[in-house]
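See below for the structure under consideration.
Numbering (my numbering), first residue to last: 475 to 695.
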């Protein structure tokens, strides 16, 4: 399919190539063919005789140059070329609003205005520089190294039993560490109060009220 600008004013840009070959074998070039019958149909309208120019190039090659009035309608044009002893030649031409030869705006009058209006409202925000990043007031850097086994173990021991965060080893705190203390640390019972000690068997970790008021001391060694 060939393309021609609507109402193209440059004659050379209204040309389409035509190859005429022998009607019998279908491939032998036919030279010296003049005044063939050319008919055109715009967008499916009734075919009419072409008013353009027929010119031979060489080796069975010719071109048909449309008259400017033949390409004045947007859409497609069906072209048929017939000549005695030649196979019929058919082509489809698309008549376009743009100009393929116009390097700046393709011949579209509103294209420049559209680009200008879009550029007028365009704003560009540059990404932060290295200086911007390192001068920030707050930043957190991590090495990316995996925590050690000791760090993991300590974190598990300090975890609160209700999963609300980490403990700080305060009195009566419900952490994994505090729960395990009653199994290994010093436990004292006096006047109905049980006291569980920290690892030094002196400081109190947590206490509880007992119904049995007998004095009992559990002192692991």
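Each residue gets a CB set at the ideal place from its N, CA and C atoms; glycine is no exception. Keep in mind that this is a model prediction, so the values were computed, not measured.
Thinking residue 555 and residue 562 are a contact (beta carbons under 8 Å), I'd like their distance in whole angstroms, please. At roughly 7 Å, the Cβ-Cβ gap stays under 8 Å, so residue 555 and residue 562 are in contact.
Among 654, 622, 685, the one whose alpha carbon lies nearest that of residue 631: Restricting attention to 654, 622, 685, the CA atom closest to the CA of residue 631 is found in 654.
When DSSP builds the beta bridges, which residues end up paired with residue 505? Answer is none; residue 505 lacks a bridge partner.
How about residue 524 and residue 494: do their beta carbons lie closer than 7 Å? It is not a contact, given that the beta carbons lie outside the stated cut-off.
Close beta carbons around residue 551, own chain, < 6 Å, minus the five adjacent residues each side: For residue 551, where only same-chain residues beyond five positions count, the Cβ hits under 6 Å are 514, 516, 567.
Between the Cα of residue 685 and the Cα atoms of 677, 573, 628, 665, which residue gives the shortest distance? Cα-wise, what sits closest to residue 685 is 665.
Between the CA atoms of residue 579 and residue 530 - distance to the nearest angstrom: Taking the straight line joining both Cα atoms gives about 34 Å.
Residue from 483, 660, 681, 682 with nearest C-alpha to residue 674: Here the closest residue by C-alpha is 660.
Helix or strand or just coil, what does DSSP make of residue 530? DSSP, reduced to helix, strand and coil, places residue 530 within a strand of the structure shown.
Under the three-state reduction of DSSP, which class applies to residue 676: helix, strand or coil? Of the three classes helix, strand and coil, the one that applies to residue 676 here is coil, per DSSP.
Based on Cα-Cα distance, which residue from 528, 507, 545, 506 lies nearest to residue 481? Residue 481 has its Cα closest to that of 545, out of 528, 507, 545, 506.
With a threshold of 16 other CB atoms inside 10 Å of the CB of residue 701, please say whether the residue is buried or exposed. Outside the shown range of the chain (475 to 695) lies residue 701, about which nothing can therefore be said.
Relative to the C-alpha of residue 418, which residue among 509, 672, 605, 599 is closest? The question about residue 418 has no answer here: the residues shown for the chain are numbered 475 through 695.
Taking the continuous alpha helix (DSSP H) assigned at residue 545, which residues delimit it? Segment: none, residue 545 is in no alpha helix (DSSP H) and carries neither H nor E.
Which class does residue 648 belong to by DSSP, given the choice of helix, strand or coil? In the three-state reduction of the DSSP assignment, residue 648 falls in the coil class, being assigned neither a helical nor a strand state.
Run through the DSSP bridge pairs and tell me what residue 535 is partnered with. Answer is 493, 532, bridged to residue 535.
By DSSP, does residue 638 sit in helix, in strand, or in coil? Three-state DSSP puts residue 638 in coil, outside helix and strand.
How long is the line joining the alpha carbons of residue 486 and residue 503, rounded to whole angstroms? Their backbone Cα atoms lie some 24 Å apart in a straight line.
Per the DSSP calculation, residue 633 is bridged to which residue(s)? DSSP lists 640 as partners of residue 633.
Which residues share a DSSP beta bridge with residue 567? Answer is 476, 551.
I think residue 479 touches residue 572, with their Cβ atoms under 8 Å apart; what is that distance to the nearest whole Å? With a beta-carbon spacing of about 7 Å, residue 479 and residue 572 fall inside the 8 Å limit used to define contacts.
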